[in-house]
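Engineer: Residue 620 in my numbering sits at position 181 of the sequence shown, and the numbers go up by one each step.
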Amino acid sequence: MKAVLCKAFGPAESLVLEDVASPVAKKNEILLDVHAAGVNFPDTLIIEGKYQFKPPFPFSPGGEAAGVVREVGEKISHLKIGDRVMALTGWGSFAEQVAVPGYNVLPIPPSMDFNTAAAFSMTYGTSMHALKQRSNLQPGETLLVLGASGGVGLAAVEIGKAMGARVIAAASSAEKLAVAKAAGADELINYSETSLKDEIKRLTDGQGADVIYDPVGGDLFDQAIRAIAWNGRLLVVGFASGRIPELPVNLALLKGAAVLGVFWGSFAQRQPQDNAANFQQLFGWFAEGKLKPLVSQVYPLSEAAQAINDLGQRKAVGKVVVQVR
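This is how it looks when you write it as structure tokens:
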């Protein structure tokens, strides 16, 4: 099979496309014929050795995939050969086949195509876990989404609206904010032109945001925590800005606020029943038209490195997908 390989930590340009042996599914795994793979921010980190997981060389990046089950391990009972599925792989999806533990694989709705499915699991899974289990977002609360035009950001906007929140979308350009507006955002903040903290306070009559969804970190975290509501919850999702911020804990004390980490991958493994329930709700909203994943660019497998670069340089809106078949 063909696979995009990382043979040493380095930039995306160092990745190579080669023929390698097909993986073999273990007793608790399925072998997936990959049709499409989602591109996510962790892919930019894992190839440079900056992610919390460091697979042995050579490995393929790609943390999520969609395709058709080719083989089923003897301990797998909820899936069968020929099922259309989405899978959380961690790495390995930028290849024609990948072996995946059964608990990380879910059947996809008949109405969902493979490119959409490849763009769905990580972003919507992360945002649903963040807003439901971590922040317990309530109808009528104000949700601020930073980086609102990116994959997880747009998912958070749509899920927040589905949960009955008032959603303020924040992004760095008018073009990106237009995408968030189309996804249902009620208010918009262009933080390249105005003070994020001041705009949050203006839009909330000085009360601040009840829940802040932050996949960006850096200076935006510093501003946002200063505009959080009493009993507010700030969700630490990622650090796309490149700087991991430090929290002056007196700010949490003064607002009775909570700073909550969001690590969906571990949640999915540790609480598989809760994760499955989340996806049943997400699939329901998808069927109702409340969730409309935006796949802005599709690359062939031979251009996976370019896909990673475009995402890492924050050129993409919505999701970027590598189409394998």
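Using N, Cα and C, we set each Cβ at its ideal position, and we do this for glycine too.
Please read all numbers here as calculations on a predicted model, not as lab measurements.
Tell me which residue opens and which closes the beta strand (DSSP E) that Ile469 is part of.
Structural biologist: Taken as a continuous stretch (DSSP letters only), the beta strand (DSSP E) holding Ile469 covers 468 to 478.
Engineer: For the pair the region 690 to 709 and the region 611 to 624, tell me if three or more CB-CB distances fall below 8 Å.
Structural biologist: Contact between the region 690 to 709 and the region 611 to 624 is absent, because fewer than three Cβ pairs lie under 8 Å.
Engineer: Could you name each continuous beta strand (DSSP E) segment of 3 residues or more that falls completely within the region 532 to 576, going from the start of the chain to the end?
Structural biologist: 536 to 540, 544 to 546, all fully within the region 532 to 576.
Engineer: Let me know if Asn575 comes out buried or exposed under the rule of 16 or more other beta-carbons within 10 Å of its beta-carbon.
Structural biologist: With fewer than 16 other Cβ atoms within 10 Å, it is exposed.
Engineer: Taking C-beta to C-beta, are Gly589 and Ala679 nearer than 9 Å?
Structural biologist: Against a cut-off of 9 Å, the Cβ pair of Ala679 and Gly589 comes out as a contact.
Engineer: Should Asp649 be labelled buried (16 or more other beta-carbon atoms within 10 Å of its own) or exposed?
Structural biologist: Counting Cβ neighbours within 10 Å, Asp649 comes out buried, since at least 16 surround it.
Engineer: Any idea which residues DSSP pairs Pro739 with across the strands?
Structural biologist: Paired residue(s): Gln762.
Engineer: Per DSSP, which one or two residues make a beta bridge with Tyr652?
Structural biologist: Answer by DSSP bridge pairing, in chain order: Val584, Leu674.
Engineer: Could you have a look at Leu730 and say whether DSSP puts it in helix, strand or coil?
Structural biologist: Reduced to three states, the DSSP call for Leu730 is coil.
Engineer: Taking only the alpha-carbon atoms, compute the straight-line gap between Gln720 and Asp458 and give it to the nearest angstrom.
Structural biologist: Cα-Cα distance, rounded: 39 Å.
Engineer: State buried or exposed for His568, treating a residue as buried only when at least 16 other CB atoms are found within 10 Å of its CB.
Structural biologist: Buried, by the Cβ-count rule.
Engineer: Just grab the DSSP bridge partners of Val688 for me.
Structural biologist: DSSP, once it has assigned bridges, lists no residue as partnering Val688.
Engineer: Starting from Asn629, follow its DSSP beta bridges and name the residues at the other end.
Structural biologist: The partner list for Asn629 (beta bridge, DSSP) reads Ala610.
Engineer: On the DSSP letters alone, give me the boundaries of the beta strand (DSSP E) that Ala697 sits inside.
Structural biologist: First-last of the beta strand (DSSP E) with Ala697: 697 to 700.
Engineer: In three-state terms, what does DSSP make of Val756?
Structural biologist: DSSP places Val756 in coil when its eight states are reduced to three.
Engineer: Quick check: the Cα distance between Leu582 and Asp482, rounded to an integer number of angstroms?
Structural biologist: Distance between the alpha carbons of Leu582 and Asp482: 27 Å.
Engineer: Can you round the beta-carbon distance between Ala743 and Leu454 to whole angstroms, since I take them to be within the 8 Å contact cut?
Structural biologist: Sure, about 7 Å apart at Cβ, within 8 Å.
Engineer: Hey, quick one: how far does the beta strand (DSSP E) through Gly592 stretch, first residue to last?
Structural biologist: Counting along the chain, Gly592 falls outside any beta strand (DSSP E), though it belongs to the alpha helix (DSSP H) covering 590 to 601.
Engineer: Nearest to Glu487 by CA position, among Pro450, Asp472, Ile515, Ala696, is which residue?
Structural biologist: Out of Pro450, Asp472, Ile515, Ala696, Pro450 has the C-alpha closest to the C-alpha of Glu487.
Engineer: So the beta strand (DSSP E) Asp458 belongs to, where does it begin and stop?
Structural biologist: 455 to 458 is the extent of the beta strand (DSSP E) around Asp458.
Engineer: Only counting the same chain, and skipping five residues up and downstream in sequence, which positions put a Cβ closer than 8 Å to that of Gly579?
Structural biologist: Hits under 8 Å: Gly603, Ala604, Arg605.
Engineer: Ile628 to Met440, Cα distance in whole Å?
Structural biologist: If I take the Cα positions, the gap works out to 46 Å.
Engineer: Below 7 Å CB to CB, which residues in the same chain sit around Ile667 once its five sequence neighbours on both sides are set aside?
Structural biologist: The answer, listed in chain order, is Gly647, Ala648, Ile651, Leu673, Lys694, Ala696.
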